[in-house]
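Undergrad: Structure below; questions to follow.
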Amino acid sequence: MHDPFCSIGAHRQVPSRIARLRPMTTLAAPTFPSRTQQILDTLRQNGQLKHLQTIEGPMDATVKLKDYGEVACFCSNNYLGLANHPEVVEAGIAGIRKYGAGTASVRFICGTFDCHHTLEARIAEFYGVEASYTFTSCWNANEAIFPTLCEQGDIIISDELNHASIIDGVRLAAVIKKGLLKTVYRHNDLNSLRQKLAEARANPEMTGTIWVVTDGVFSMEGDIADLPAMRKLCDEFGAYLVVDDSHGTGVMGKTGRGTHEHQGLAGTQIDYITGTLGKALGGGAGGYIAGSRKAIDLLIQRGRPTLFSNALPCTIACSADKAIEVLMREPQRVAKLRANVDAARAGIRDAGFEVLQSPTAICPIIVHDTAKAIAMSKRLLELGVFVIGFGFPVVPEGHARLRVQISAAHEASHIKALTDGLKVLRREFS
Ligand SMILES: Cc1ncc(COP(=O)(O)O)c(C=O)c1O
Numbered sequence: 006m007h008d009p010f011c012s013i014g015a016h017r018q019v020p021s022r023i024a025r026l027r028p029m030t031t032l033a034a035p036t037f038p039s040r041t042q043q044i045l046d047t048l049r050q051n052g053q054l055k056h057l058q059t060i061e062g063p064m065d066a067t068v069k070l071k072d073y074g075e076v077a078c079f080c081s082n083n084y085l086g087l088a089n090h091p092e093v094v095e096a097g098i099a100g101i102r103k104y105g106a107g108t109a110s111v112r113f114i115c116g117t118f119d120c121h122h123t124l125e126a127r128i129a130e131f132y133g134v135e136a137s138y139t140f141t142s143c144w145n146a147n148e149a150i151f152p153t154l155c156e157q158g159d160i161i162i163s164d165e166l167n168h169a170s171i172i173d174g175v176r177l178a179a180v181i182k183k184g185l186l187k188t189v190y191r192h193n194d195l196n197s198l199r200q201k202l203a204e205a206r207a208n209p210e211m212t213g214t215i216w217v218v219t220d221g222v223f224s225m226e227g228d229i230a231d232l233p234a235m236r237k238l239c240d241e242f243g244a245y246l247v248v249d250d251s252h253g254t255g256v257m258g259k260t261g262r263g264t265h266e267h268q269g270l271a272g273t274q275i276d277y278i279t280g281t282l283g284k285a286l287g288g289g290a291g292g293y294i295a296g297s298r299k300a301i302d303l304l305i306q307r308g309r310p311t312l313f314s315n316a317l318p319c320t321i322a323c324s325a326d327k328a329i330e331v332l333m334r335e336p337q338r339v340a341k342l343r344a345n346v347d348a349a350r351a352g353i354r355d356a357g358f359e360v361l362q363s364p365t366a367i368c369p370i371i372v373h374d375t376a377k378a379i380a381m382s383k384r385l386l387e388l389g390v391f392v393i394g395f396g397f398p399v400v401p402e403g404h405a406r407l408r409v410q411i412s413a414a415h416e417a418s419h420i421k422a423l424t425d426g427l428k429v430l431r432r433e434f435s
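Take 6 as the starting number for the sequence shown in our numbering and just add one per residue.
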């Protein structure tokens, strides 16, 4: 196929003096197709190439996987088993019947439907805060919050293991708002955070607001931020605390309010909570920011992902609203998830693997090598258990892992299938 960029290098017969001045335009620069092929070939050779597994039915405790049949699913974020809950599904169907296929508009033009207001009021009620605003993903929410709320002279202090959407949101903010400062503290290290806060206060360029941002539950490690201690530090240094609780919402705390509830804080003690509707809360898609009415008003006026991108589809708004209603009505789902988490962690240890002691539903089994993680995941699939192996660049080189995720939808038989599969891996991969 003709590629208009293929011949660029060959046509650049520039004199050597100019070539020296412009080192980026060397004649030998690989073309886009060749460099892309090279990257894909390297991934394949290193056993790091990801394969998209295809599911032929709903997300649940087991899924119908193309080429494998029914397998126990231990890699979805369907923490409360609400993705295929009859009421959640029916709410989505009713939504599409009432509102049609989509909004065909961004929110501020003609894309705000009453179901958006209903959902946003529900999210605010769920966290006990003033207001919330939805986006088509939490990725978008994290790309909206910092560039919109932060200004020149502010500083954002971020945990080094924060989710990629936070990292990119902070980077974007620093590009859009010239003079906005950013720095990173060591993962979950309160001394490092204190040091960064003290440096920020002493920095003459820091003339505005200090923002501290963390995941509630860290998605790759399955550990949690110490929010009470972070709250204290933020109060001491006059900083705002932003928590992305995408993996904590619906999972942590007695009623599933999230990591802050697990640690005895109220929703109002976190200045801004971001989260996803694509995990415990129905699993469809969508994200949100919850916090003060003023900040939400500013996001409506100035948030680029909401000003220039379509609203959350109504069908998803309706099913997510129902999912939160079910969660608020049935906190026993959270209790079942917790019992399953305890049983699964015990089973993983019984199979001879180490797993972090943590109340979260993310149980990483570190195997270091990416190719090994992928091979182990493939073997587990043959045994009827679906667990994904993660390697570089999702996690740092040498930290490859199987990430086991637990759901309230799992029964004892599924957890036994997981444990039995891991025992086979222990024998075959030792
Ligand atoms: C901590 C965290 N934040 C944000 C996201 C993005 O969520 P969404 O799928 O709604 O964009 C994820 C998804 O993996 C996540 O784990």
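Every residue, glycine too, gets a C-beta built ideally from N, C-alpha and C.
1) Return the CA-CA distance between SER412 and LYS383, expressed in angstroms with no decimal places.
2) So is the beta-carbon of THR437 under 7 Å away from any non-hydrogen atom of ligand 1?
3) Near LEU166, what residues of its chain come up, given a Cβ to Cβ distance below 6 Å and the 5 sequence neighbours on each side ignored?
4) Are the CB atoms of ALA349 and VAL256 nearer to each other than 8 Å?
5) Cβ of ASN315 versus every heavy atom of ligand 1: is any distance shorter than 7 Å?
6) Please determine whether the Cβ atom of HIS415 lies at a distance below 7 Å from any heavy atom of ligand 1.
7) Going along the chain, which residues of its own chain have a beta-carbon closer than 7 Å to the beta-carbon of VAL372, five neighbours each way excluded?
8) Could you pull the start and end residues of the beta strand (DSSP E) that PRO318 belongs to?
9) Measure the alpha-carbon distance for LYS183 versus TYR293 and round it to whole angstroms.
10) For GLY288, is the classification buried or exposed, using 16 other Cβ atoms within 10 angstroms of its Cβ as the cut-off for buried?
11) Determine the DSSP secondary structure at GLY213, reduced to helix, strand or coil.
12) Give me the residue from LEU361, CYS319, LYS341 with the minimum Cα distance to ILE98.
13) CB of SER418 to nearest heavy atom of ligand 1: below 7 Å?
14) Can you tell me whether GLY116 is helix, strand or coil according to DSSP?
15) Please report the distance separating the alpha-carbon of VAL68 from that of LEU423.
16) Answer with buried or exposed for THR153, where buried requires no fewer than 16 other C-beta atoms within 10 angstroms of its C-beta.
17) Could you check which residue in PHE242, ALA295, PHE395, GLY243 has the C-alpha nearest to that of ILE469?
18) Is ASN444 close to ligand 1? I mean its beta-carbon at under 7 Å from any heavy atom of the ligand.
19) Kindly provide the ranges of any alpha helix (DSSP H) runs that are 4 or more residues long and lie completely inside the region 237 to 302, ordered along the chain.
20) Assuming GLY394 is part of the beta strand (DSSP E), what are its boundary residues?
21) State yes or no: is the C-beta of ILE162 within less than 8 Å of the C-beta of VAL217?
22) One question on the structure: do ILE160 and THR188 come within less than 8 Å of each other, judged by their Cβ atoms?
23) Tell me the rounded alpha-carbon separation between GLN53 and ALA129.
24) Name the residue from ILE229, ASP240, LEU70 whose alpha carbon lies nearest to the alpha carbon of ASP220.
25) Output the boundary residues of the alpha helix (DSSP H) element that contains ARG191.
TA: Put simply:
1) 21 Å
2) Within the shown structure, residues of the chain are numbered from 6 to 435, placing residue 437 beyond reach of any answer.
3) HIS192, PHE223
4) no
5) no
6) no
7) ALA378, MET381, ALA405, ARG406, LEU407
8) Element bounds for PRO318: n/a, residue is neither H nor E.
9) 26 Å
10) buried
11) coil
12) CYS319
13) no
14) coil
15) 14 Å
16) buried
17) Because the chain spans 6 through 435 in this model, residue 469 falls outside it and cannot be assessed.
18) In the structure as shown, the chain begins at 6 and stops at 435. Residue 444 is therefore absent and cannot be evaluated.
19) 264 to 267
20) 393 to 395
21) yes
22) yes
23) 41 Å
24) ILE229
25) Note, ARG191: premise wrong, no alpha helix (DSSP H); not H, not E.
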